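*Asks:*
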């Protein structure tokens, strides 16, 4: 069934700089449509220029365009973009005319055409963007206040949960801007809903539409036995004195790259780099964990006491 709309006028030209676009498309030439309701974020800043435009393309063929509309209830400018096609599954790319500098740029977004699909809303808008987020903004588990350590250099997330936690059925809640799909072992994940077994390392595969990122999540559980009270953890690592008052020392067979000290709730309260002597006098008395990252890339977690 063909859609009847007035012609949309826009100019079709790519380049570093251009006049205000007046590209032209005839919606009657197409059988299907899909909709995007979104905002434009250019160089990680939301564009609010009323003269800006968003356009959709399949190859070099224009398939839709939109001007911004202001929604007083949210105080933001939105683009309600209708994209047209005759073939399901075509690859749709996007461009943006930035009226701030009279420039047309290609956006990072890539989508597959799905008839009658609606992406984004005024409350949760789609992001038309020329940049891409590559890391988790946040990661935690439902029912726990423990703070995760998100390392974008190694694409790893480590988190320590309280003693006796069952790791076999944990529900992760997270945010990864621009993710179109998040999977574990090929199964689609829903933040705050999907449960997984974190007994071993769990790999999250994040698809942003233009790139795929694999993140490894490692969950530790506190041990009620206070390791290191007798100054020994194993042959390679020792923290001393234990208990400690002002200074906690680390003895390691490998070069220490980074350390984190976590309180009983699993929150990081102190961290540093390449140090074998740590000032802990400012910490309150109690039980703590120290997580050590060394050159062997295998993190070691030990317990120690502050008095």
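In mature numbering (1 follows the signal peptide of the UniProt record, and there is no 0), the protein residues as written are -18 to -1, 1 to 289. Glycine included, C-beta positions come from ideal geometry on N, C-alpha and C. Owing to the predicted nature of the structure, the values given are computational and were not obtained by experimental measurement.
Return no unless some Cβ of chain D is closer than 8 Å to the Cβ of residue 226.
*Replies:* Absence of chain D from the displayed structure is noted, only one protein chain being present.
*Asks:* Hey, residue 19 and residue 66: beta-carbon distance below 8 Å or not?
*Replies:* Taking the chain shown and counting its residues from 1, one reaches residue 19 at position 37. Taking the chain shown and counting its residues from 1, one reaches residue 66 at position 84. Not in contact: residue 19 and residue 66 (Cβ atoms no closer than 8 Å).
*Asks:* Quick one: grab the DSSP three-state call for residue 151.
*Replies:* As a working mapping, residue 151 is identified with position 169 in the chain shown. Residue state, collapsed to three classes: helix.
*Asks:* Three Cβ pairs or more, each shorter than 8 Å: is that satisfied between the stretch 119 to 127 and the stretch 77 to 94?
*Replies:* Touching, no.
*Asks:* Please determine if the stretch 175 to 186 and the stretch 242 to 256 are in contact, where contact requires at least 3 C-beta pairs separated by less than 8 Å.
*Replies:* With a cut-off of 8 Å, the stretch 242 to 256 and the stretch 175 to 186 do not count as touching, because too few Cβ pairs lie within range.
*Asks:* Tell me the rounded alpha-carbon separation between residue 203 and residue 278.
*Replies:* The count along the chain shown starts at 1 and reaches residue 203 at position 221. The count along the chain shown starts at 1 and reaches residue 278 at position 296. C-alpha separation (whole angstroms): 22 Å.
*Asks:* What three-state label does DSSP hand residue 3 in the structure shown?
*Replies:* By one-based count along the chain shown, residue 3 stands at place 21. In the structure shown, residue 3 sits in coil (DSSP, three-state: anything other than H, G, I, E or B).
*Asks:* What is the DSSP secondary structure of residue 9, reduced to helix, strand or coil?
*Replies:* The sequence position of residue 9 within the chain shown is 27, counting from 1. Correct three-state label for residue 9: helix.
*Asks:* Quick check on residue 286: does DSSP put it in helix, strand or coil?
*Replies:* Here residue 286 refers to the residue found at position 304 when the chain shown is read from its first residue. Residue state, collapsed to three classes: strand.
*Asks:* Which partner residues of residue 232 appear in the DSSP bridge assignment?
*Replies:* As a working mapping, residue 232 is identified with position 250 in the chain shown. According to DSSP, which records beta bridges pairwise, residue 232 is partnered with 221.
*Asks:* In the DSSP assignment, find the beta strand (DSSP E) that holds residue 131 and state where it starts and stops.
*Replies:* The sequence position of residue 131 within the chain shown is 149, counting from 1. Residues 131 to 133.
*Asks:* Using only alpha-carbon positions, find the residue among 221, 237, 276 and 240 that is nearest to residue 288.
*Replies:* Counting from 1 along the chain shown, the entry for residue 288 is found at position 306. Closest option to residue 288, Cα to Cα, is 221.
*Asks:* Just to confirm, are residue 179 and residue 151 a CB contact at a threshold of 8 Å?
*Replies:* One-based indexing of the chain shown puts residue 179 at position 197. One-based indexing of the chain shown puts residue 151 at position 169. Against a cut-off of 8 Å, the Cβ pair of residue 151 and residue 179 comes out as a contact.
*Asks:* Using the rule of at least 16 other Cβ atoms within 10 Å of the residue's Cβ for burial, across every protein chain shown, is residue 181 buried or exposed?
*Replies:* As a first step, residue 181 is located in the chain shown; it is residue number 199 there, counting from the start. Exposed, since its Cβ has fewer than 16 Cβ neighbours within 10 Å.
*Asks:* Using CA atoms only, rank isn't needed, just tell me which of 169, 282, 64 and 41 is closest to residue 47.
*Replies:* Position 65 of the chain shown, counted from the start, is the residue given in the question as residue 47. Here the closest residue by C-alpha is 64.
*Asks:* Taking the CB atoms as reference points, tell me whether residue 62 and residue 17 lie closer together than 8 Å.
*Replies:* On the chain shown, residue 62 is found 80 positions in, with the first residue counted as 1. On the chain shown, residue 17 is found 35 positions in, with the first residue counted as 1. It is a contact, given that the beta carbons lie within the stated cut-off.
*Asks:* Is it true that the CB of residue 112 sits closer than 8 Å to the CB of residue 158?
*Replies:* Numbered from 1 along the chain shown, position 176 holds the residue referred to as residue 158. Numbered from 1 along the chain shown, position 130 holds the residue referred to as residue 112. Result no, Cβ atoms of residue 158 and residue 112 do not sit closer than 8 Å.
*Asks:* Which residues does DSSP pair with residue 111 in a beta bridge?
*Replies:* Your numbering for residue 111 matches position 129 in the chain shown. Bridge partners of residue 111: 23.
*Asks:* Can you look up residue 211 in the DSSP assignment and give me helix, strand or coil?
*Replies:* Taking the chain shown and counting its residues from 1, the one referred to as residue 211 is at position 229. Note that residue 211 has pLDDT 36, beneath the 50 cutoff, so the model's placement of it is unreliable and no number is given.
*Asks:* What does a CB cutoff of less than 6 Å around residue 255 pick up in its chain, not counting 5 residues either side in sequence?
*Replies:* Taking the chain shown and counting its residues from 1, the one referred to as residue 255 is at position 273. So the list reads 240, once near-sequence residues are dropped.
*Asks:* So for residue 17, helix, strand or coil by DSSP?
*Replies:* Here residue 17 is taken as the residue at index 35 of the chain shown, counted from 1. In this structure, residue 17 counts as strand in the three-state DSSP scheme.
*Asks:* Taking the straight line between their C-alpha atoms, what separation do you get for residue 26 and residue 229?
*Replies:* Stepping through the chain shown from its first residue, residue 26 is reached at position 44. Stepping through the chain shown from its first residue, residue 229 is reached at position 247. Those two C-alpha atoms are separated by around 42 Å.
*Asks:* Could you tell me the alpha carbon to alpha carbon distance between residue 98 and residue 45, rounded to whole angstroms?
*Replies:* As a first step, residue 98 is located in the chain shown; it is residue number 116 there, counting from the start. As a first step, residue 45 is located in the chain shown; it is residue number 63 there, counting from the start. The straight-line gap from Cα to Cα measures roughly 15 Å.
*Asks:* With burial defined as no fewer than 16 other Cβ atoms inside 10 Å of the residue's Cβ, what is the status of residue 201: buried or exposed?
*Replies:* Counted from its first residue, the chain shown places residue 201 at position 219. The residue is buried, with at least 16 neighbouring Cβ atoms inside 10 Å.
*Asks:* Excluding the 5 residues preceding and the 5 following residue 33 in the sequence, name in chain order all residues of the same chain whose CB lies nearer than 6 Å to its CB.
*Replies:* What you label residue 33 is simply residue 51 of the chain shown in a count that begins at 1. Correct list, in chain order: 81.
*Asks:* How big is the Cα-Cα spacing for residue 128 and residue 275?
*Replies:* As a first step, residue 128 is located in the chain shown; it is residue number 146 there, counting from the start. As a first step, residue 275 is located in the chain shown; it is residue number 293 there, counting from the start. Going by the C-alpha atoms only, they are around 19 Å apart.
*Asks:* For residue 71, which of 57, 54, 94 and 52 has the nearest alpha-carbon?
*Replies:* Counting from 1 along the chain shown, the entry for residue 71 is found at position 89. It is 94.
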